[in-house]
Each structure stands twice: as C-alpha cells, then as structure tokens.
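Numbering (our numbering), first residue to last: 11 to 741.
Where a beta carbon is used, it is the ideal one built from N, C-alpha and C, also for glycine.
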DNA sequence: ATTCCCGACGTTTTT
DNA sequence: CGTCGGGAAT
C-alpha cells in the first residue's frame, strides 16, 4: 500500500495521482488542499516522474511556500534538494537576477516596496509641474500598476493616451519608469512583468526554463492576474503538465488585478483539462458551513460546488448588535475573556474588513490586559527606523539607489538640507550619474561649496562599508552601522519613550538577520536584501504564544481557528463603501465574507454597531451579509441600550440600497458635544479621555465646526475640535 | 537648516 | 482624532 495515498478520500487521491496533462482542482474551504498539494509533489518524486529540480510549485505567500516545502521534505525524508517552492514574486526575482543583463539591469537590482514607489511617483508629479490635488500619488500608482498588469508599457500608453488626464498619467508613468531604471530598481509589478517580457523576447532563455520544468503546480489559482497567467504559459512546455488548485469562491484580490476568469475559463484555456472537486470539508461544523454556503449562494460568478461535512450540528452563530464601535469591542472582549477560561487565546481570532478597525479592539484588550497580536497594518519592515537601516544596506549594495540615498543622507543629521540635495540632483542628472557617485566627487563641483565635505564624508562611509560588506555576517555589519551612526543616542535624544521602542525594534531586526543567516549560511548582503524585500508581516506571523490574533480578513486566508469574530458587519464597512455600486465588487465582498466565515472550526460570532464614527457620527445599517445568512442558524444578542431609540431589526428585509431615514438617538448619559453644542460654553468643566479634566476657555464656530480652547490641569491649553473629542460635561 | 505650528486630509484589502 | 506637508519663525 502507499503511505502517500492511504489516508486520502477518493477525490483527494485522484488529485494526487492524475499527474499528466492539465488539471484543475477545485478545493473548497477546509477540504485538505495543502495535504493534496504536498502529497502530489511527494508522489511525483517517489514515482520518479521528476527530480526535485524539475518541479516548480508556486504559491502566493512566503509562509505558504515555506510550509509546503517543509511538509514535502518531511514526506520525503529530507531529500528535496533543488525543489522550487516559491511565490510568484520570489521565483521571478530569482529568474531576473540570473538574466538581468538581458534587460539592461544589474543582477543586484533593488526591489522598491510600495512606499518607495510612492515616493518616486510623488517626485515625478512634482517634477512635471503637476503638483496639486488632482493627481493623488496613490491613484496614479494604482493606474500605473493596472497598466503594467495589462502589459501596457509607458511608451505605448503615451502614444494612445487621449485627453488631459490620460496624458498626464502617461507622462508620470514614463518618468516613473525612467527614474526606476536610473536607480537600477524594480517595483513589485516589474518583477512579474519583466519576467514575462524577458521570456517573450528571448525564446532561447524561455526554452531553457521550459525544458527544465516537467511539472508545474499552482496554488490559489483564483488569485492569479493576467501577467501571472502569461508567465505560466511561457514556462509550460508541450507536455502541458500543469496542475492548478483554487476556489473561485475565495477569489478576493480582484482589486489587485486578479482575474477570476483564469479559474472559471481554465478548461477553455487548456483543452482536455480534467477537473476534480474537493467538496468534503474537514474543518467546520455543519452550522458554520451552512451559514457560509447560504451567503455565497447569492453569487453568480461561480462554478458551483456543494461543500459537505461529516461533522453534525454545532453551535449556532451569535450575532451581537451593539451601539458603537467601542461597545462592539467591549462586548467582543468580554466574550474573549469568558471563553478564555476554558480555551486558549491562540484559538481565537478577530477579523475585520479594514485595518483602521483594529484600534477599538486593541484598546479594550490592552485595558483588560489580554495578550494579543496584530498581523499586518503597520508592518515591521515599514517602520521608519527599520526602513532607514534598510536604506543604508540597499545603498551599500546598489549605489544607484537614489531613493535610499535621499532617505538617509541626512539621517542622522549631517547638515545636508533640501537646497543641497536640489543642487546635487541637478549635477547628477546633468552628468548621468547617481546621487551617491556625485556626492563622492562633491569637491569637484563648485556649487556645492561648503557642503562638499559633508557629502564626501557620507559617500566615504557608504563606500567603506561596501568594501567590507561581504567579509562579515550581515548582522555584524548592521550592528557596526548602528554604532558608527550613534543611532541609540540619536533616537533617545529625539524622544525618550518612542526612541526606546525604536531601539528595541532595531534589536529585533538584528536578531532577525542572525536567524536568517543561520538558515542561509552562505548568504551575502545582496541575497539577504533580495529575499527580505519580498517578505511581509504575514510571513513572520507565528502562532506560538497564547495570544489572541487580530487581522484583516484578507490576511486570514488559509488560516483556521476554533472561534472567529467577524466584526463590523455594516453596510459601508463590510461590504465596503466603494464596492456597493458595482455588482462584481459586491460579489468579491461576499467572497470575503465567505473566506472569513469558513476560518471558523467551532464557533462564529458576527458583530455590528448601530452608530460608528467615520468623519463624524453616522448611523450604520446592518450588512446585507447578515440578512443573507440563513436566519435559523443565528442567535441574536442585542446589547443596545434599550428604549433610547429604535432601529429596525438587523435582519428585517429591506430594499438594499435604500438608507433608513436618519434617526438621531435622544441619548441620556454621555453627552457628545456635536449633538448638544449649547452645553459647551466658556467656564464649563469637561472631561477628555486622554487629557483628563479641563476648563473651557473659549469657543469658536458652531455644530460640526465647533472648536474649543480648553485648559487642562497640568497639561496646558489645547484647541480641540468638539466634533471628534469625546468630551463629558463634569461641571 | 531645522523646528514648530497650522490646516488639510483622510480610510480597503497587499505580493 | 491621527498624520502629513507647507510655510513661517528661529
């Protein structure tokens, strides 16, 4: 008998042993997908269909890739040398570093993260004289990214752009591309796009890679975009051995260019393709599955499948109806505490639509001393102190990286300000060299005058480290830099409190590098940077300590927990405001709900608030997804302070787009200023949640624009927008 | 060059 | 309410 197949159900087994030709595996939530993927790889190896070197498996996150590699290694007793299990991005990065010269890049090119890219876009907009409100850098970035993913280059777009706005975007796009090239840098999209272009324009290179890979395996196929689709086409030899695994109901990255048609049209793309559906769910109770299935059934873009489970019954869903975001958080945390008595915190997760929602929950958890961890949001590598250090490292590896140069040339302070940088930039552009190179020869350029010395010293510092970078471990190099720059003193002098946490972050960073080095003993600084630039918070996330986890639903894909809190179920939040008008986007929101709900093994809580602050007070309408859930599966718990005002029941049927007539609560108890301006006039004593007790000195404006000048005891006077501050009248 | 204060602005999800 | 960028003060 075969230990790789024995404990699989018939469909899973078929997905493992159907090795040749195109195969689509529709893997419902919790259907044992990872198990099938790893068994399939191990099966190909043990049956001698291919050597590890001839297999390519692609996933979306580094974490998933790492887990898959580990599990295959376990199945194979460790003999998987050369097996490529990687993300699309890291595979492309490796491909490009080998072939960079063919497309005019150095093989030590830098990868710009979203922040770096935005800086370049901003600079480009400014340089083109387009600065102003009508060209928001982020919107431009989105457009450029969309164009790239459609394989429309800057030159092409420039020639076909019509009208003022398209022309402006085309110019920004073109300049952005130019600057990226000058910096020897690529953005995330470029990794994919340049790989495809390289394979398209160099048939002999494409042939080499094609002949190498005998079997392709793609995870999360529903999230692939057009460029990724093309990449697979270029890598696929005439053997057509491609197996894609996915679930159209879990396609949640349409906004990033993912094309659900890739999975819906697979059979048309690959004639003769076989399809296997994994429909038995091993994760959730029957109740949870029925709830999720009931909601997703409202979608049209589906291949259709019927998930079933051998697990009968299960707790009903609990719907918590609360007054405000704060109340929502308080009641959720109450339940966390209660459940925490009998189960582990690490078995629970709070999932929200947007990162901004995490704050209220954090506050409550901190107040009650519950250990928690947040995944995503302000990612570790996005923190200023870490980005600054990384900029030093990037500059050491790539002297052309002007963005990193600008980031650190005056950090710590070296007396090099905007004027000097402007001058330096002009000289560098004229001579076609980078900022760092120009700085190194500053004494030859009269306009730099007295600043030449500081510039040359900086360039010398970078140069010195470049020479020794490969002779010592990366962690030691970073430690040396930190000491040489006097960063500890520098950060402490800025601000004692935040400086201390920054120092701790730097220590964590250095520890992380050490750990990386033990796993990759012969790795150079350049290799470290190449890897690290593709890492995200999610990849570092470990479920080790007994902490409750908070994250967005997007981040939770692929994970599972006993207890799941799906919060903020209100129209405008979830489904998100911007998606409400478009049926296609509503379907994606619905899939997101489906992903969130199916993370739960045993118990699912849904919560909503009736009032939520978003630029002032707004009445919230319960999410349509609550209404779409089979009502008999829901147990309603109403935490609203009864009798003060009435809102329709959360589940009452109502035409979707019709907002309720606004009903202002006639509240007793807490006084929110924006509702009762007349209570606030000079002399009144009020209480502010962060500043404490204070006396109103002056008032200005009325209604939403009411501004108060308040003298707080021991803090001094502060001007406060009454609309936002939660002030309580004390006397 | 740097710092500090003010007003404008904002909020989706991420490799 | 936060954060960020611009502009004036030092």
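Simplified DSSP state of residue 385, which is helix, strand or coil = coil
Any idea what DSSP makes of residue 683, helix, strand or coil?
-> Note that residue 683 has pLDDT 26, beneath the 50 cutoff, so the model's placement of it is unreliable and no number is given.
How big is the Cα-Cα spacing for residue 206 and residue 196?
-> Residue 206 and residue 196 have their alpha carbons spaced roughly 14 angstroms apart.
What is the DSSP secondary structure of residue 193, counted as helix, strand or coil?
-> coil
How would you call residue 467, buried or exposed, if buried means at least 16 neighbouring beta carbons within 10 angstroms?
-> exposed
Return the chain-ordered list of same chain residues with a C-beta closer than 7 angstroms to the C-beta of residue 216, the five sequence neighbours on each side being excluded.
-> 209 and 244
Going by Cα to Cα distance, which pick from 422, 48 and 421 is closest to residue 229?
-> 48
Within 10 angstroms of the Cβ of residue 111, are there 16 or more other Cβ atoms? Answer buried if so, exposed if not.
-> exposed
Locate the alpha helix (DSSP H) running through residue 490, then write down its first and last residues.
-> 484-495
DSSP on residue 451, reduced to helix/strand/coil?
-> Three-state result, residue 451: coil.
Can you tell me whether DSSP reads residue 662 as helix, strand or coil?
-> Only weak support exists for where residue 662 lies, its pLDDT of 34 falling under 50; the coordinates are left without a value.
Span separating the alpha-carbon of residue 373 from that of residue 591 = When rounded, the distance between both Cα atoms is 33 angstroms.
Anyone know if the C-beta pair for residue 289 and residue 315 falls short of 7 angstroms?
-> yes
Close Cβ partners of residue 17 (< 7 angstroms) along its chain, the five nearest in sequence each way excluded | Counting only Cβ-Cβ distances below 7 angstroms, and skipping sequence neighbours, we find nothing.
What is the DSSP secondary structure of residue 352, reduced to helix, strand or coil?
-> Secondary structure of residue 352 (DSSP, three-state): coil.
Within this structure, are the beta carbons of residue 422 and residue 502 separated by less than 7 angstroms?
-> No, the Cβ-Cβ distance between residue 422 and residue 502 is not below 7 angstroms.
Pick from 99, 643 and 335: whose alpha carbon is nearest that of residue 303?
-> Distance from the Cα of residue 303 is smallest, within the candidate group 99, 643 and 335, for 643.
7 angstroms Cβ cutoff met for residue 255 and residue 35 | yes
Terminal residues of the beta strand (DSSP E) in which residue 254 lies | 252-256
Let me know the alpha helix (DSSP H) ranges lying completely inside the segment 267-341, each 4 residues or longer, listed in chain order.
-> 271-274, 276-279 and 296-306
Looking at residue 371 and residue 560, is the spacing between their C-beta atoms short of 7 angstroms?
-> Contact check for residue 560 against residue 371 passes: the beta carbons are separated by less than 7 angstroms.
Out of 476, 433, 483 and 478, state which residue places its alpha-carbon closest to the alpha-carbon of residue 460.
-> 433
Residue span of the beta strand (DSSP E) that contains residue 113, given as start and end = Premise fails: residue 113 is in no beta strand (DSSP E) and is neither H nor E.
Buried or exposed (CB count within 10 angstroms, at least 16 for buried), residue 7 | Because the chain spans 11 through 741 in this model, residue 7 falls outside it and cannot be assessed.
Could you tell me whether the segment 520-540 touches the segment 352-371, using the rule of 3 or more Cβ pairs below 8 angstroms?
-> Proximity of the segment 520-540 to the segment 352-371 falls short of the contact definition, fewer than three beta-carbon pairs being nearer than 8 angstroms.
Please classify residue 79: does DSSP put it in a helix, a strand, or coil?
-> helix
Per-residue burial, residue 72 [other beta carbons within 10 Å of its own, 16 or more giving buried] = Buried, because 16 or more other Cβ atoms sit within 10 Å of the Cβ of residue 72.
Leaving aside the five residues before and after residue 363 along the sequence, list all residues of the same chain whose C-beta is less than 8 angstroms from its C-beta, in chain order.
-> Cβ contact annotation for residue 363 (same chain, cutoff 8 angstroms, sequence separation greater than five): 562, 563, 578, 583, 584, 586 and 602, in chain order.
Pull up the DSSP beta-bridge partners for residue 557, would you.
-> In DSSP, residue 557 forms no bridge with anything.
Does the segment 123-141 touch the segment 170-189, meaning 3 or more C-beta pairs lie closer than 8 angstroms?
-> Touching, per the Cβ criterion.
Determine the contact status of residue 238 and residue 390, defining contact as a CB-CB distance below 7 angstroms.
-> no
Residue 213: buried (16+ other C-beta within 10 angstroms of its C-beta) or exposed?
-> Within a 10 Å sphere around the beta-carbon of residue 213 sit fewer than 16 other beta-carbons, which makes this residue exposed.
Contacts around residue 661, its chain only, beta-carbon distance under 7 angstroms, and the 5 residues preceding and following it disregarded | With a pLDDT of 36 at residue 661, under the threshold of 50, the predicted position of this residue should be treated as unreliable, though the coordinate-derived value follows. Counting only Cβ-Cβ distances below 7 angstroms, and skipping sequence neighbours, we find 636, 637 and 641.
Buried or exposed for residue 249, please, with buried defined as at least 16 other CB atoms from any protein chain shown within 10 angstroms of its CB.
-> exposed
Cβ neighbour criterion (16 or more within 10 Å) applied to residue 235 | buried
Cross-strand partners of residue 86 (DSSP beta bridge) | Residue 86 pairs with nothing; no bridge assigned.
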